[in-house]
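Quick notes on the structure that follows.
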Amino acid sequence: MRTTRVFTALAAAGLLALAGCGDGGGTTTGGSGPGGIKPPKIDKLASLGAGEGQVNIVAWAGYVENGSTDPKVDWVTGFEKETGCKVNVKVAGTSDEMVTLMKTGDYDLVSASGDASLRLIYGGQVAPVNTDLVPNYKDVFDGLKLKQWNSADGVSYGIPHGRGANLLMYRTDKVTPAPTSWSAVFDANSPYKGMVTAYDSPIYIADAALYLMKHQPELGIKNPYALDDKQFAAAVDLLKKQNELIGEYWSDYTKEVQAFKSGNSVVGTSWQVIVNLAKADGAPVAAVLPEEGATGWSDTWMISAKAKHPNCGYRWMNHIIDPQANAAVAEWFGEAPANKLSCDKTADKNHCATFHAADEAYFEKVWFWSTPVAQCLDGRTDVTCKDYAAWTQAWTTIKG
Amino acid sequence: MTVLSTVDRPASDATIARGPVRRLSSWLHRHRGARLAGLLSAPLLWLLVAYLGSLAVLFVSALWTVDGFTGGLVREPTIANFRTILTEEVYRTVTLRSLGIAAAVTVVDVFIALPMAFFMAKVASPRSRRLLVIAILTPLWASYLVKVYAWRVMLANDGPVDWLFGGSGNGPGYGLPAIVLVLSYLWLPYMILPIYAGLERLPDSLLEASADLGGRGGRTFRSVVLPMIVPSVIAGSIFTFSLSLGDYITVQIVGGKTQLIGNLVYANIGAANNLPFSAALATIPVLIMVGYLVAVRRSGALEEL
């Protein structure tokens, strides 16, 4: 009896203490979006000092390669030798994972996509970038500079890395004829039931919205990241039907490679780098950009507001858009490079043409990942759109 | 020298007695309560802060919410998270699915562990008994991830499991059966060991007495062995049940499109960055386990752990 009382008292004391701490955090911002709130004021690095000996990076698979995946694929070793900055990389599978990792404050740099970058900027996790300290920045395509996803109020928050589209990958021996439309993964009568795969992230709802944009124009979807209640319900509904076809969802790229190799998955959304890895592993796969267009990414190297190794971080940002390194990473990951001069350095001279590096008209058809917010991104003011929290909750429901 | 120092001891004792260490020591000798407090305060603090404290934080943070855009915490108590969990059907489905898997894994493990433990405790020679215990413990040395990824390869299309079932695509593939299979494999040692310990304490004379009275193997097992090892089985089931209930990595690797409570918690921390909602979800297995422990308390299983 006495112990119970003691415990109750302790628990009550604990609660009170916690309640007292409650007000201290202060990152609360009344839930608006870009335009509504200002990013926290953080100073950019004024001048470059000596390197700190190492740099901790959060990146997409294939962005930071030191030759351990493939001896020919290496743009890290040279950088380490040249600058004395040892590169430690943490590969993340989704943008959400990147945001969470950056919140820990243990990392200096992140290769953020558009659905992470704004959250990082407005959440105060990343600092503005002094582009004067990044000499290669002057050669970046103008179509990538100071965009809505890598700047705020005309201040650059990162260095563009490259851009590309999410592709439809399929097993050439199992899927005939070769698919040309996303209906291969959305059609309820698909012959590949149980062998379809999809990307395991709420942002995948945009892929369904993109499909509906073309196949159900009466819904009036203008931007797959700006969905009102009715459009959102339609997309979620489509994904719930798709769930019947799905064998597994992937966010770990090694899992996707293995599933396609063994034939557990035969068709589904993918990245070019995964296609390369699967081919290298001997899997008969190919990928297409379907006729509906695709969602895609435009990635930005951002530096943490709490970076412990900012000088090495700046050196990396300059290195990764150096024509040689930028060409190598663009070819390996399968995307359009950010640096104009990279196009002359690629092993495949047609790389920039294949990936439409300078083709702004092409990229208008690719819907770069961005964070859905309540104020519709397509400019509608008469409705409120579903924000990312709603997308996340819906994603759980879709998976069932 | 030795003799001398022995003789000297009372004198040197008296010297130390004036030192602070000695004074403290004799004070502690006189105050039993203080002695006990000094001894136990460190582990108790650990228990309170690290275990119960984190549970308390879990419950408190379950009452917060997250700002949808910046992901910052909104520290205003609300029961919105719990309301979502109770009203949205998907969370009920996932909870029931997790319970089902935990129960299935436990049942499978009991059926495999019983004969195995019986053989080890009653049939095997003392030498091979030790070897068997080692054999059961060795898989615990290998990394959990390595084992699960190995199962992923074995369960793949055209993999060894498919081959056992007679051809490509005949095996269970990835999904619920694969999860039960792999989790049963992973947690089997935790079921065998308590049952083995329970059986070892069962006197052989009881089995002989039963045989003398004409009881056959089955009858002896039902009327003598089983009633005496029920607490051990329940003790093992606490491990298998709770470990299965919280698992999410196996589910991600061999579960196909399945999601369990653990995956929802993980998705809400890792992907959605909605810590409060994760905390609310994480209270479900906590409540289930508390209920389970209360239910089995009377069986005496807790003494078998």
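For the record, the sequence lines run as chains D and W. If you count by our numbering, then the first sequence holds residues 1 to 400, one letter each, in order. If you count by our numbering, then the second sequence holds residues 1001 to 1305, one letter each, in order. From the three backbone atoms N, C-alpha and C, an ideal C-beta is built for every residue, glycine too.
Query raised in the report: By DSSP, does residue 1111(W) sit in helix, in strand, or in coil?
Result: Numbered from 1 along the second sequence, position 111 holds the residue referred to as residue 1111(W). Of the three classes helix, strand and coil, the one that applies to residue 1111(W) here is helix, per DSSP.
**Report entry** Anticipated Cβ contact below 8 Å, residue 163(D) with residue 335(D), distance rounded
**Finding:** Taking the first sequence and counting its residues from 1, one reaches residue 163(D) at position 163. Taking the first sequence and counting its residues from 1, one reaches residue 335(D) at position 335. Between residue 163(D) and residue 335(D) a beta carbon distance of about 6 Å is seen, short of the 8 Å cut, so the two are scored as contacting.
Requested in this report: Starting from residue 1264(W), find everything on chain D with Cβ-Cβ shorter than 8 Å and list it in chain order.
Outcome: On the second sequence, residue 1264(W) is found 264 positions in, with the first residue counted as 1. Simply 396.
Query raised in the report: With distances taken between CB atoms, is the gap from residue 1175(W) to residue 1250(W) smaller than 8 Å?
Result: Mapped onto the second sequence, residue 1175(W) falls at position 175. Mapped onto the second sequence, residue 1250(W) falls at position 250. No, the Cβ-Cβ distance between residue 1175(W) and residue 1250(W) is not below 8 Å.
Query raised in the report: Can you tell me where the beta strand (DSSP E) with residue 302(D) in it begins and where it stops?
Result: Counted from its first residue, the first sequence places residue 302(D) at position 302. First-last of the beta strand (DSSP E) with residue 302(D): 294 to 304.
Query - Chain-order list of residues whose beta-carbon lies under 6 Å from that of residue 293(D) (same chain, five-residue window excluded) - result: In the first sequence, counting from the first residue as 1, residue 293(D) sits at position 293. Answer for residue 293(D): 365, listed in chain order.
Query raised in the report: Under the three-state reduction of DSSP, which class applies to residue 1265(W): helix, strand or coil?
Result: By one-based count along the second sequence, residue 1265(W) stands at place 265. Correct three-state label for residue 1265(W): helix.
Query raised in the report: What does a CB cutoff of less than 8 Å around residue 259(D) pick up in its chain, not counting 5 residues either side in sequence?
Result: Numbered from 1 along the first sequence, position 259 holds the residue referred to as residue 259(D). The residues are 197, 247, 248, 250 and 265.
**Report entry** Within chain W, the residues that residue 248(D) reaches when beta carbons sit closer than 7 Å
**Finding:** For the purposes of this step, residue 248(D) is taken as the residue at position 248 of the first sequence. Those within 7 Å of residue 248(D) in chain W are 1174, 1256 and 1257.
Query raised in the report: Which chain W residues are close to residue 349(D), counting only those with a beta carbon under 8 Å from its beta carbon?
Result: What you label residue 349(D) is simply residue 349 of the first sequence in a count that begins at 1. The contacting residues do not exist; residue 349(D) stays about 38 Å from chain W at best.
Query raised in the report: Below 8 Å between beta carbons: does that hold for residue 361(D) and residue 352(D)?
Result: One-based indexing of the first sequence puts residue 361(D) at position 361. One-based indexing of the first sequence puts residue 352(D) at position 352. It is not a contact, given that the beta carbons lie outside the stated cut-off.
Query raised in the report: Exposed or buried, which one is residue 276(D) when buried takes at least 16 other CB atoms within 10 Å?
Result: For this step, residue 276(D) is matched to residue 276 along the first sequence. Under this definition residue 276(D) is a buried residue.
Query raised in the report: How many Å lie between residue 204(D) and residue 238(D) at the Cα?
Result: The sequence position of residue 204(D) within the first sequence is 204, counting from 1. The sequence position of residue 238(D) within the first sequence is 238, counting from 1. Answer to the nearest angstrom: the Cα atoms are 12 Å apart.
Query - Span separating the alpha-carbon of residue 382(D) from that of residue 195(D) - result: Counting from one through the first sequence, the residue named residue 382(D) turns up at place 382. Counting from one through the first sequence, the residue named residue 195(D) turns up at place 195. The straight-line gap from Cα to Cα measures roughly 41 Å.
Query raised in the report: Quick one: which chain A residues come within Cβ less than 9 Å of residue 243(D)?
Result: Note that chain A does not occur in the displayed structure, where the protein chains are D and W.
Requested in this report: With DSSP collapsed to three states, give me the class of residue 195(D).
Outcome: Reading the first sequence from its first residue, position 195 is the one you call residue 195(D). In this structure, residue 195(D) counts as coil in the three-state DSSP scheme.
Query raised in the report: Among all the DSSP beta bridges, which residues are the ones paired with residue 112(D)?
Result: Here residue 112(D) is taken as the residue at index 112 of the first sequence, counted from 1. Partner(s): 300(D).
Query raised in the report: Closest to residue 1255(W) by CA distance: which of 1179(W), 1167(W) and 1237(W) is it?
Result: As a first step, residue 1255(W) is located in the second sequence; it is residue number 255 there, counting from the start. Selected option, being the one with the closest Cα: 1179(W).
Query - Cβ pair residue 1283(W), residue 1059(W) closer than 8 Å - result: Residue 1283(W) sits at position 283 when you count from the first residue of the second sequence. Residue 1059(W) sits at position 59 when you count from the first residue of the second sequence. Judged by beta-carbon spacing, residue 1059(W) lies within the 8 Å limit of residue 1283(W), meaning their Cβ atoms are closer than that value.
Query raised in the report: Which partner residues of residue 339(D) appear in the DSSP bridge assignment?
Result: Residue mapping note: residue 339(D) aligns to position 339 of the first sequence, counting from 1. In the DSSP output, where bridge partners are listed per residue, residue 339(D) has 140(D).
Query raised in the report: So what does DSSP say about residue 8(D), is it helix, strand or coil?
Result: Counted from its first residue, the first sequence places residue 8(D) at position 8. In this predicted model, residue 8(D) has a pLDDT of only 45, less than 50, meaning its place in the structure is not dependable enough to derive any value.
Query raised in the report: Is the Cβ-Cβ distance between residue 1264(W) and residue 396(D) less than 8 Å?
Result: In the second sequence, residue 1264(W) corresponds to position 264, counting from 1. In the first sequence, residue 396(D) corresponds to position 396, counting from 1. In contact: residue 1264(W) and residue 396(D) (Cβ atoms closer than 8 Å).
Report task. Express the C-alpha separation of residue 89(D) and residue 63(D) in angstroms, rounding to a whole number. Result -> Numbered from its first residue, the first sequence carries residue 63(D) at position 63. Numbered from its first residue, the first sequence carries residue 89(D) at position 89. Their Cα atoms are separated by approximately 9 Å.
Report task. Report yes or no: is there a C-beta of chain W within less than 8 Å of the C-beta of residue 104(D)? Result -> Position 104 of the first sequence holds residue 104(D). No, no contact with chain W.
Query raised in the report: Does any CB atom of chain D fall closer than 8 Å to the CB of residue 1267(W)?
Result: By 1-based counting over the second sequence, the position of residue 1267(W) is 267. By the rule that beta-carbons nearer than 8 Å mark a contact, residue 1267(W) touches chain D.
Query - Cβ of residue 96(D) within 8 Å of any chain W Cβ - result: In the first sequence, counting from the first residue as 1, residue 96(D) sits at position 96. Yes, because at least one Cβ of chain W sits closer than 8 Å to the Cβ of residue 96(D).
**Report entry** Within chain D, partners of residue 1306(W) - CB distance below 8 Å
**Finding:** Any question about residue 1306(W) goes unanswered here, given that chain W covers just 1001 to 1305.
Requested in this report: Return the Cβ separation of residue 976(W) and residue 1279(W) in integer angstroms, given the expectation that the two are a contact with Cβ distance under 8 Å.
Outcome: Absent from the structure is residue 976(W), since the part of chain W shown begins at 1001 and ends at 1305.
Query raised in the report: Would the beta-carbon of residue 202(D) fall within 8 Å of that of residue 121(D)?
Result: Locating residue 202(D) in the first sequence gives position 202, counting from the first residue. Locating residue 121(D) in the first sequence gives position 121, counting from the first residue. It is not a contact, given that the beta carbons lie outside the stated cut-off.
Query - Local conformation of residue 35(D) per DSSP, three classes - result: Here the question's residue 35(D) lines up with position 35 in the first sequence. Low per-residue confidence applies at residue 35(D): pLDDT is 47, beneath 50, and the placement is therefore not dependable enough to give any value.
Query raised in the report: Along chain D, in chain order, which residues have C-beta atoms closer than 9 Å to that of residue 1088(W)?
Result: Within the second sequence, numbered from 1, the residue matching residue 1088(W) stands at position 88. Within chain D, the residues near residue 1088(W) are 393, 396 and 397.
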